[in-house]
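Visitor: Please see the structure below; I have some questions.
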Amino acid sequence: MKKILLAVFALVLTAVWAAPSFAVDASFGAQYRVRAFYLDNWDDRDDDAMDQKSYVDNRFRLGITLKEAPVTGYVQLQIGGNKWWGAASAPDTSTTTANTPTDTSMSVVARQGWLEFPVGPLGVKLGRTYSSSGFLGGGIAENISDRIHLSYKASNDLNLSATFAKPRESSTGAVGTTGTVANDNDKESYNIGFRYKPQGAAFDLGAVVYYVRDGRDYYSASGAATTGGSFDAFWLIADTNLKFDPINIYLSAALLNGESKSGGLVSPNVDMDLEGYAVHADVSAKLGPAKIGVVGGLGSGDDNTADKSLKTFFAPAAASYIQTHMFWQAGENAYSGAIGSGSLNTQNGSRETLSNITWGAVYADYNATDALSLGAKYAVLRQTDALAGTDNKIGNEIDLTLNYKIHKYLNLLAFAAWFDPDDGYSGKDSSGLSGHATTNKDDTMTAYYARLQWEF
Numbered sequence: 018m019k020k021i022l023l024a025v026f027a028l029v030l031t032a033v034w035a036a037p038s039f040a041v042d043a044s045f046g047a048q049y050r051v052r053a054f055y056l057d058n059w060d061d062r063d064d065d066a067m068d069q070k071s072y073v074d075n076r077f078r079l080g081i082t083l084k085e086a087p088v089t090g091y092v093q094l095q096i097g098g099n100k101w102w103g104a105a106s107a108p109d110t111s112t113t114t115a116n117t118p119t120d121t122s123m124s125v126v127a128r129q130g131w132l133e134f135p136v137g138p139l140g141v142k143l144g145r146t147y148s149s150s151g152f153l154g155g156g157i158a159e160n161i162s163d164r165i166h167l168s169y170k171a172s173n174d175l176n177l178s179a180t181f182a183k184p185r186e187s188s189t190g191a192v193g194t195t196g197t198v199a200n201d202n203d204k205e206s207y208n209i210g211f212r213y214k215p216q217g218a219a220f221d222l223g224a225v226v227y228y229v230r231d232g233r234d235y236y237s238a239s240g241a242a243t244t245g246g247s248f249d250a251f252w253l254i255a256d257t258n259l260k261f262d263p264i265n266i267y268l269s270a271a272l273l274n275g276e277s278k279s280g281g282l283v284s285p286n287v288d289m290d291l292e293g294y295a296v297h298a299d300v301s302a303k304l305g306p307a308k309i310g311v312v313g314g315l316g317s318g319d320d321n322t323a324d325k326s327l328k329t330f331f332a333p334a335a336a337s338y339i340q341t342h343m344f345w346q347a348g349e350n351a352y353s354g355a356i357g358s359g360s361l362n363t364q365n366g367s368r369e370t371l372s373n374i375t376w377g378a379v380y381a382d383y384n385a386t387d388a389l390s391l392g393a394k395y396a397v398l399r400q401t402d403a404l405a406g407t408d409n410k411i412g413n414e415i416d417l418t419l420n421y422k423i424h425k426y427l428n429l430l431a432f433a434a435w436f437d438p439d440d441g442y443s444g445k446d447s448s449g450l451s452g453h454a455t456t457n458k459d460d461t462m463t464a465y466y467a468r469l470q471w472e473f
C-alpha cells in the first residue's frame, strides 16, 4: 500500500510540473522532525533505577497547495510520528501523546485535505482541516476534523465565522436491554463567533458559542463516559488581549451547560446535568531582551459522585492546553511526553483542557542572541475539587528550555523538566481507597528532551 501511495503521489507531482497548461500554481511546504527523550521514574515514581528509558522517533510532513484563483486546494501527507527507533510494534502510549492521525508505522497517511473558495462575500473552507480556536490558551478546540468553515469580513475591524464539524459518523442497529430502538452514534459540533480588532487599538476581543450533540455517549454519576446514550451541551467562550506597553494581558473564560441521558439502556435511567466553567490568564512584561510573566488557570471540578450533576469542565472538541513540558502535554499540539493521570479526579474531563485543575506559574524568557533563547518556568498544580479521602495537591513542575536556530529553517528545542508529585497525584497517603495505598511512591519524575525540526 505504501508503494502504491508513493507512486500516486509521484504521478501527481509529475503532472503538476509537466503540464503548465493547467494554469495552476503549485507550492510546497514540508517539516521534518527528529525527537529524543530520556525519562526517569516516569511510571513507578520510585527512585530505584528500575524505571529509566530513552526513545528516538521521527516524522515527516509534506503540504501541497494548488491554486487557480479564486480556488485553493491543499493536501498534507505524513510519514511516521510516533514509532520509536527499533520498535517492532506500537510504542508505549503511556509515555507519549500521539498527534492526529494516530499512526505508529512509517506508512503514508493523509493528515489534511481541503478546498477554500469564496461564495459572494463569504469565505468557504471545507474538508479535513486543522483548526485552532485560540480560546482558553488552547483549551477549547485544537484539532483535525471534517468540517465546513464560513467566514465573513464585516469590516476592517470585525470578522464573523461559523463552523459545522463532524467528529464521528456512525450508527448501530443494536437494541437496548430495555427495548429501546437503534441508536444514532453521530457526533456533531456547531459554533458561531466573532473577532473584533480595531485598527490602531491596544486591544482585541472575541467570543464564540459552541453546541455539541453526541448521539453515542452519556455520563454516569462518577463522570465515566458510556456508550448507548447521548448528551447535548452549549459553551459560551470569550477572550481578550490587552496591550499596555510593556505589559501584555491575555484573559479567557468559558461557561458550560448541558444535559446527559442514558437513553433507557440502563434502569433506572442516568440523566445528568452538565455544568462547568474555566478561566485562563497570562500577564507578561517585556524588558529589553527579557520577558517575565505569570500564567495560570482554574477549571471547575466535582467532588460529589452521588448527585445528578457533573460540574467538571470539559472542552467542546479535542483541545491542546500546552502550558508545561510534562504535566500539560496532550492533544494535537503536544510535542513531548505526557505523564500519566496518576490518582487525579478528572471525571468526564481531560488534561487537554482545564478539567478540575487550579494552577499557576511564574516564567522568564531571555533572548541571548538572534539565534539563542532561554526560558524557565515554575508551576504549582492543585485539584479544584478532590474526592473525599484524597488530597487536592497535585505537585510542582520546573522547566528549563533552550531554543537555538542552527540554520535558517533548522531549529533545536531542548529542555530539562522535573515534576515533583504530591499526594493528590501519587495517592501515597490516601489509604483505604481503591487503587491508593501508603506504599505508593512519589519520587521526582524527570524528562530530558531534544528536538530537531526543519521547516521549508
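Position in the sequence shown (first residue = 1) + 17 = this note's numbering. Think of the CB as a built atom: it goes at the ideal place given N, C-alpha and C, for glycine as much as any other residue. Keep in mind it's a predicted model, so treat the numbers as computed, not measured.
1. Let me know the secondary structure DSSP gives phenylalanine 473 once reduced to three states.
2. Do alanine 464 and leucine 429 have their C-beta atoms closer together than 8 Å?
3. With a 10 Å radius around its C-beta and 16 neighbouring C-beta atoms as the bar for buried, classify phenylalanine 45 as buried or exposed.
4. Would you call valine 11 buried or exposed, if buried means 16 or more other Cβ atoms sit within 10 Å of its Cβ?
5. When the Cβ atoms of the segment 382–390 are set against those of the segment 353–364, are three or more pairs found closer than 8 Å?
6. Given glutamine 95, which residues of its chain have a CB within under 6 Å of its CB, disregarding the five upstream and five downstream residues?
7. By the DSSP assignment, the beta strand (DSSP E) with aspartate 231 in it spans what residues?
8. In chain order, what residues of the same chain lie with their CB nearer than 6 Å to the CB of threonine 194, ignoring the 5 residues before and after it?
9. Please work out which residues of its chain come closer than 6 Å, Cβ to Cβ, to aspartate 42, disregarding the five sequence neighbours upstream and downstream, and give them in chain order.
10. Tell me whether the beta-carbon of methionine 289 lies closer than 8 Å to the beta-carbon of lysine 328.
11. Reducing DSSP to helix, strand and coil, say where aspartate 262 ends up.
12. Along the chain, where does the alpha helix (DSSP H) that runs through aspartate 440 open and close?
13. Between the alpha carbons of aspartate 319 and phenylalanine 473, how many angstroms are there, rounded?
14. If you drop the 5 nearest sequence neighbours on each side, which residues of the same chain put their C-beta closer than 6 Å to that of lysine 394?
15. Check this for me: beta carbons of alanine 431 and histidine 342, under 8 Å apart or not?
16. Only counting the same chain, and skipping five residues up and downstream in sequence, which positions put a Cβ closer than 6 Å to that of asparagine 350?
17. Please confirm whether histidine 166 and lysine 183 have their CB atoms less than 8 Å apart.
18. When the Cα atoms are used, what is the spatial distance from leucine 427 to threonine 461?
19. For serine 317 and lysine 214, what's the separation of their Cα atoms in angstroms?
20. Pull the bridge partners of arginine 399 from the DSSP assignment, please.
21. Leucine 450 to glycine 406, Cα distance in whole Å?
22. Rounded C-beta distance between glycine 441 and alanine 403? I'm assuming under 8 Å.
23. Between alanine 47 and lysine 425, what straight-line distance do the alpha-carbon atoms span, to the nearest angstrom?
24. So, are the CB atoms of asparagine 99 and aspartate 74 less than 8 Å apart?
25. Let me know the secondary structure DSSP gives glycine 97 once reduced to three states.
26. Quick check: the Cα distance between aspartate 174 and alanine 224, rounded to an integer number of angstroms?
27. What first and last residue would you give for the beta strand (DSSP E) that runs through methionine 289?
28. Pull up the distance between the alpha-carbon of arginine 76 and that of alanine 388, whole angstroms please.
29. Helix, strand or coil for leucine 361 per DSSP?
30. Would you kindly work out how many angstroms separate the C-alpha atoms of glycine 310 and asparagine 202, rounded to a whole number?
31. Output needed for glycine 90: all residues of its chain with C-beta closer than 7 Å, excluding positions within five of it in sequence on either side, in chain order.
32. Where DSSP assigns a beta bridge to tryptophan 252, which residues make up the other side?
33. When the Cα of leucine 139 is compared with those of Gly156, Ala171 and Gly155, which residue comes out closest?
34. Is leucine 404 helix, strand or coil when you go by DSSP?
35. I'd like the list of long-range same chain contacts for asparagine 420, defined as Cβ closer than 6 Å, with 5 residues on each side in sequence excluded.
36. Going by C-alpha to C-alpha distance, which of Leu272, Asp163 and Trp345 sits closest to phenylalanine 436?
Guide: Straight from the coordinates:
1. Reading the sequence shown from its first residue, position 456 is the one you call residue 473. Assignment of phenylalanine 473 by DSSP, reduced to helix, strand and coil, places it in the coil class.
2. Stepping through the sequence shown from its first residue, residue 464 is reached at position 447. Stepping through the sequence shown from its first residue, residue 429 is reached at position 412. The answer is no: Cβ separation not under 8 Å.
3. In the sequence shown, residue 45 corresponds to position 28, counting from 1. Here phenylalanine 45 is exposed, its C-beta having fewer than 16 other C-beta atoms within 10 Å.
4. The structure shown does not extend to residue 11, since the chain is modelled only from 18 to 473, so the question has no answer here.
5. no
6. Numbered from its first residue, the sequence shown carries residue 95 at position 78. Same-chain partners within the cutoff: Arg78, Val126 and Arg128.
7. Within the sequence shown, residue 231 is the residue found at index 214, counting from 1. Element bounds for aspartate 231: 220–231.
8. Indexing the sequence shown from 1 puts residue 194 at position 177. Caution applies to threonine 194, whose pLDDT of 47 falls short of 50 and renders its modelled position unreliable; the value that the coordinates give is listed next. Cβ contact annotation for threonine 194 (same chain, cutoff 6 Å, sequence separation greater than five): none.
9. By 1-based counting over the sequence shown, the position of residue 42 is 25. Same-chain partners within the cutoff: Lys84.
10. Translated into positions along the sequence shown, residue 289 becomes position 272. Translated into positions along the sequence shown, residue 328 becomes position 311. For methionine 289 and lysine 328, no; Cβs fall outside 8 Å.
11. Start at 1 with the first residue of the sequence shown, and residue 262 comes out as number 245. In the structure shown, aspartate 262 sits in coil (DSSP, three-state: anything other than H, G, I, E or B).
12. Working through the sequence shown from its first residue, we reach residue 440 at position 423. Unbroken alpha helix (DSSP H) run through aspartate 440: 440–443.
13. Taking the first residue of the sequence shown as position 1, residue 319 is located at position 302. Taking the first residue of the sequence shown as position 1, residue 473 is located at position 456. Taking the straight line joining both Cα atoms gives about 46 Å.
14. Along the sequence shown, one-based indexing puts residue 394 at 377. Contacts found: Ala378, Tyr380 and Asp416.
15. What you label residue 431 is simply residue 414 of the sequence shown in a count that begins at 1. What you label residue 342 is simply residue 325 of the sequence shown in a count that begins at 1. For alanine 431 and histidine 342, no; Cβs fall outside 8 Å.
16. In the sequence shown, residue 350 corresponds to position 333, counting from 1. Counting only Cβ-Cβ distances below 6 Å, and skipping sequence neighbours, we find Glu159, Ser337 and Ile339.
17. Locating residue 166 in the sequence shown gives position 149, counting from the first residue. Locating residue 183 in the sequence shown gives position 166, counting from the first residue. Contact flag unset, no.
18. Numbered from its first residue, the sequence shown carries residue 427 at position 410. Numbered from its first residue, the sequence shown carries residue 461 at position 444. Between leucine 427 and threonine 461, the C-alpha separation is close to 33 Å.
19. The residue labelled residue 317 in the question sits at position 300 within the sequence shown. The residue labelled residue 214 in the question sits at position 197 within the sequence shown. Looking at the two C-alpha atoms, the distance is approximately 30 Å.
20. Along the sequence shown, one-based indexing puts residue 399 at 382. DSSP, once it has assigned bridges, lists Thr375 and Lys410 as partnering arginine 399.
21. To locate residue 450, count along the sequence shown from 1; it is residue 433. To locate residue 406, count along the sequence shown from 1; it is residue 389. Caution is warranted here: a pLDDT of 39 is assigned to leucine 450, below 50, making its placement in the model unreliable, and the coordinate value is therefore given only provisionally. Spanning the two alpha carbons is a distance of roughly 8 Å.
22. Taking the sequence shown and counting its residues from 1, the one referred to as residue 441 is at position 424. Taking the sequence shown and counting its residues from 1, the one referred to as residue 403 is at position 386. About 6 Å; that satisfies the 8 Å criterion.
23. By 1-based counting over the sequence shown, the position of residue 47 is 30. By 1-based counting over the sequence shown, the position of residue 425 is 408. Each residue's alpha carbon lies about 14 Å from the other.
24. As a first step, residue 99 must be located in the sequence shown, where it is residue number 82. As a first step, residue 74 must be located in the sequence shown, where it is residue number 57. Yes, they are a contact pair.
25. The residue given as residue 97 occupies position 80 in the sequence shown. If DSSP states are grouped into helix, strand and coil, glycine 97 belongs with the strands.
26. In the sequence shown, residue 174 corresponds to position 157, counting from 1. In the sequence shown, residue 224 corresponds to position 207, counting from 1. If I take the Cα positions, the gap works out to 14 Å.
27. Translated into the one-based positions of the sequence shown, residue 289 becomes position 272. Its beta strand (DSSP E) spans residues 289–304.
28. Residue numbering aside, residue 76 sits at position 59 when the sequence shown is read from its first letter. Residue numbering aside, residue 388 sits at position 371 when the sequence shown is read from its first letter. Cα-Cα distance, rounded: 24 Å.
29. Along the sequence shown, read from residue 1 onward, the residue named residue 361 stands at position 344. Coil.
30. The residue you call residue 310 lines up with position 293 of the sequence shown. The residue you call residue 202 lines up with position 185 of the sequence shown. Roughly 45 Å separates the two Cα atoms.
31. Within the sequence shown, numbered from 1, the residue matching residue 90 stands at position 73. Cβ neighbours of glycine 90 beyond the five flanking positions: Leu83 and Leu132.
32. Looking up residue 252 in the sequence shown gives position 235. Checking the DSSP bridge columns, you'll see tryptophan 252 partnered with Tyr227 and Leu273.
33. The residue given as residue 139 occupies position 122 in the sequence shown. Answer by Cα proximity: Ala171.
34. In the sequence shown, the residue the question calls residue 404 occupies position 387. The answer is coil: DSSP assigns leucine 404 none of H, G, I, E or B.
35. By one-based count along the sequence shown, residue 420 stands at place 403. For asparagine 420, where only same-chain residues beyond five positions count, the Cβ hits under 6 Å are Ser390 and Leu430.
36. Position 419 of the sequence shown holds residue 436. It is Trp345 whose Cα lies nearest to the Cα of phenylalanine 436.
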